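Here's the structure we're looking at; comments come further down.
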Amino acid sequence: MNIYEDSDKRVPIKLDNPSIQRDYDKCILCGACKNICKFAQGVYGNYDHTKEAICINCGQCIAVCPTGALSEVKDYHKVIEKIKNDNYIVIFQTAPAVRVALGEHFNLEPGTFIEGKLVSALRKLGADYVFDTTFGADLTIMEEANELVSRIKENKNLPQFTSCCPAWVKFVELFHKELIPNLSTTRSPILMQGPIIKTYFANKMHLDPKKIINVAVAPCTAKKYEITRPQFKAVANYYNDGSLKDMDYIITTNELAMWLKEENIDFNSLEDSNYDDLLGSGSGSGYIFGNSGGVMEASVRCAYHILTGEDPKDKLLEFNDVRGVDGIKEATLNINNKTLKLAILSGTNNVNRLLKQIEENNLQYDFIEVMACPGGCISGGGQPRLEVPITNVIREKRIAGLYNKDKNLKIRSSYQNKDIIKLYEEFLKYPLSDISKSLLHTHYEDKSKLKQTIES
Ligand code: SF4
Ligand code: SF4
Ligand code: SF4
């Protein structure tokens, strides 16, 4: 197989790409994958596509492929093998965006909120525990908002860029190594929850961490790559055992739907079920993580509390300037007489556009959120694609599903989450403590040499 054949018409994809694969028999050389990779993501065209296959694993080429030639790499059969083996304790967590899209595979409207059925479905498939990644998202916010406040006070490494999208992080490492110091060191929610399950939860429940298999259901193909990053060794370091992984498997929303259909589970007739305790519930801030602007809104709710001691209200609970599907959004926020300048980007090529504007107009920003997928994780490469390409109408319905949930929750800010407060009291001590840094933070590497064929 020559993956570079016709690479002027389609993106070349390595055979060992952990996120995406191509069925060459289905490819009609339409060029849609090349175009989105080039114009929306700013990746294709920035390397020599006749010799190298550079990929940030975002899966947006899958989302536009009209024939289904491109799809996510499937890992759910590996999870089934672990479930069948009684030696293992298989623990699932579900990312926010899954619950407003999975229903589309079962003839429900985009945005239909199927959280309770999702939990039941995973129990039926054999999960020993089911947790919610909204909890990990709250933890990400606790660390990231404190990091932001500290950088603002020290006027250091600003603007702070979010780091919860692994495709965006890889984009920085490949194409903008000068921005590495500006990336938040905070891990993404799934990569936070993983180590907390194998340390805090395992210790409390007297479970052997070696027997735990951590699985996340996510909208994201890039997470499949993210869990292979060598930086994610917190559990191995904690127990001094190199065989332990922070996260074991990621399966997409689409894979879960395939699995449920293969098992003949009638999804729509499932009763609702609740997540398991301790790491099972997030605040409204945790839910909106799935939307572009959600990490920003969640972070400023928390940063506002850190800086003023007050609970956010009004605009901070409905921060409309940061919401919506536009690829570049801007907002300002006044806290304690300081005006924070914010930008929210989706589609990594929009970063190139903003950086150009910053340079040309000498602009200053304090905090910038970047998500690789348009509209955020709700349109990740592992989400349903019953319409190709996915429309903004579908995106907006999924987005509304998460904002509606946030609006109806009593606890809407991460620092108010009682389980998060307990986790810090019992285990982590405080945000940015030594143990928090060892389990909940990461570091980045300059990957620009991987694309040396461009310069040569
Ligand atoms: S996954 Fe993203 S970066 Fe990789 S080829 Fe597809 S669009 Fe390009
Ligand atoms: S979008 Fe799909 S069909 Fe079109 S060139 Fe790419 S892989 Fe082939
Ligand atoms: S925006 Fe979300 S779904 Fe898309 S690559 Fe980033 S983390 Fe994954």
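No gaps in the numbering here: position 3 of the sequence shown is 21 in the numbering used here, and each next residue is one more. Even for Gly, the Cβ is constructed at its ideal location relative to N, Cα and C. As the structure is a computational prediction, the values presented were derived from the model and not from experiment.
What is the DSSP secondary structure of Asp43, reduced to helix, strand or coil?
-> Here Asp43 sits in helix by DSSP.
Give me every residue whose Cβ sits closer than 7 Å to any heavy atom of ligand 2, in chain order.
-> A residue is listed when its beta-carbon falls short of 7 Å from at least one non-hydrogen atom of ligand 2; in chain order these are Lys27, Arg28, Val29, Arg40, Lys44, Cys45, Ile46, Leu47, Cys48, Gly49, Ala50, Cys51, Lys52, Cys79, Val82, Cys83, Pro84, Thr85, Ala87 and Leu88.
Entirely enclosed alpha helix (DSSP H) segments - the segment 334-384, minimum 4 residues | Along the length of the segment 334-384, whole alpha helix (DSSP H) runs at least 4 residues long occupy 367-379, reported in chain order.
Closest by CA to Val253, which one among Val148, Lys415 and Ile214?
-> It is Ile214.
Please list, in chain order, all residues of the same chain as Met276 whose beta carbon is under 6 Å from its beta carbon, the five residues on each side excluded.
-> Cβ within range, chain order: n/a, list empty.
List the endpoints of the continuous beta strand (DSSP E) containing Leu420.
-> Counting along the chain, Leu420 falls outside any beta strand (DSSP E), though it belongs to the alpha helix (DSSP H) covering Asn410 to Lys425.
From Glu127 to Ile396, what distance separates their C-alpha atoms?
-> Near 14 Å, if we compare the C-alpha coordinates of Ile396 and Glu127.
Check the Cβ-Cβ distances between Glu444 and every residue of chain B, and say whether any is below 8 Å.
-> Protein chains in the displayed structure number just one, and chain B is not present.
As assigned by DSSP and simplified to three states, the class of Asn232 = DSSP places Asn232 in strand when its eight states are reduced to three.
The segment 132-150 contacting the segment 186-201, beta-carbon criterion three pairs below 8 Å = Contact between the segment 132-150 and the segment 186-201 is not established, with fewer than three Cβ pairs separated by less than 8 Å.
Is DSSP giving Glu281 helix, strand or coil here?
-> Coil, per DSSP.
Specify the secondary structure class of Phe18 as computed by DSSP and reduced to three states.
-> Outside the displayed span of the chain (19 to 474) sits residue 18, for which this structure offers no information.
Where Tyr94 and Leu441 are concerned, what is the direct C-alpha to C-alpha distance, given to the nearest angstrom?
-> Cα-Cα distance, rounded: 30 Å.
Stretch-stretch touch, CB-based, cutoff 8 Å, three pairs: the segment 134-145 with the segment 95-112 = Contact between the segment 134-145 and the segment 95-112 is present, because at least three Cβ pairs lie under 8 Å.
Do the segment 317-328 and the segment 417-437 meet, that is, are 3 or more Cβ pairs less than 8 Å apart?
-> Touching, yes, given that three or more Cβ pairs across the two stretches are closer than 8 Å.
Excluding five sequence neighbours on each side, which residues of the same chain lie with their C-beta closer than 6 Å to the C-beta of Leu450?
-> Asn164.
Go through the segment 78-111 residue by residue and report every complete run of the beta strand (DSSP E) that reaches 3 residues or more, in order.
-> Restricted to the segment 78-111, the beta strand (DSSP E) segments that are unbroken, complete and at least 3 residues in length are 88-90, listed in chain order.
Any non-hydrogen atom of ligand 3 closer than 7 Å to Gly394 Cβ = Gly394: yes, Cβ under 7 Å from ligand 3.
Cross-strand partners of Leu201 (DSSP beta bridge) = According to the DSSP secondary-structure assignment, Leu201 is paired through a beta bridge with Phe179.
Does the beta carbon of Ala234 fall short of 7 Å from some heavy atom of ligand 3?
-> It does not: the Cβ of Ala234 is nowhere closer than 7 Å to a heavy atom of ligand 3.
If I'm right that Ile305 touches Lys436 with Cβ under 8 Å, what's the distance once you round it to whole angstroms?
-> It is worth fixing the name first, because residue 305 is Tyr in this sequence and not Ile. Between Lys436 and Tyr305 the Cβ distance is about 16 Å, and since that is not below 8 Å, they are no contact.
For Leu274, which of Asp339, Leu351, Asp295 and Leu120 has the nearest alpha-carbon?
-> The option with the nearest alpha carbon to Leu274 is Leu120.
Below 8 Å between beta carbons: does that hold for Val340 and Thr366?
-> Not a contact, by the Cβ cut-off of 8 Å.
Met265 burial status per 10 Å Cβ neighbour count (16 or more: buried) | Note on Met265: 16 or more other CB atoms within 10 angstroms of its CB, so buried under the neighbour-count rule.
For Tyr267, which three-state DSSP category applies?
-> Here Tyr267 sits in strand by DSSP.
With Pro36 and Val116 assumed to form a contact (beta carbons below 8 Å), what rounded beta-carbon distance in angstroms separates them?
-> Actually they are not in contact, since the Cβ atoms of Pro36 and Val116 sit about 19 Å apart, beyond 8 Å.
Leaving out the 5 sequence neighbours to the left and right, which residues in its chain are closer than 8 Å to Arg371 when beta-carbon positions are compared?
-> Excluding residues within five positions, the ones whose Cβ falls inside 8 Å are Ile346.
Inspect the beta-carbon positions of Thr217 and Tyr256 and report whether they are closer than 8 Å.
-> For Thr217 and Tyr256, yes; Cβs fall inside 8 Å.
Can the beta-carbon of Pro207 be found less than 8 Å from the beta-carbon of Thr158?
-> Pro207 is a Cβ neighbour of Thr158, given a cutoff of 8 Å.
Ile215: CB within 7 Å of a non-hydrogen atom of ligand 1 = At a cut-off of 7 Å, the beta-carbon of Ile215 does not count as near ligand 1: no heavy atom of the ligand is closer than that.
Kindly give me the distance between the Cβ atoms of Leu427 and Ser301, rounded to whole angstroms, as I take these residues to be in contact under 8 Å.
-> Between Ser301 and Leu427 the Cβ distance is about 7 Å, and since that is below 8 Å, they are a contact.
Expressed to the nearest angstrom, what Euclidean distance is found between the alpha-carbon atoms of Asn355 and Leu373?
-> Taking the straight line joining both Cα atoms gives about 27 Å.
Note down the Cα distance separating Glu377 from Tyr383, rounded to an integer number of angstroms.
-> Straight-line Cα distance between these residues: approximately 12 Å.
List the residues that DSSP assigns as beta-bridge partners of Phe189.
-> Beta-bridge annotation (DSSP): Phe189 is not paired with any residue.
Closer than 7 Å by C-beta to Asp156: which residues in its own chain qualify, once you throw out the five before and the five after it? Chain order, please.
-> So the list reads Gly300, Ser301, Ser303, Gly304, Ser432, Asn435 and Ile438, once near-sequence residues are dropped.
Got a sec: does ligand 3 put a non-hydrogen atom nearer than 7 Å to the Cβ of Gly311?
-> Gly311 Cβ: outside cutoff for every heavy atom of ligand 3.
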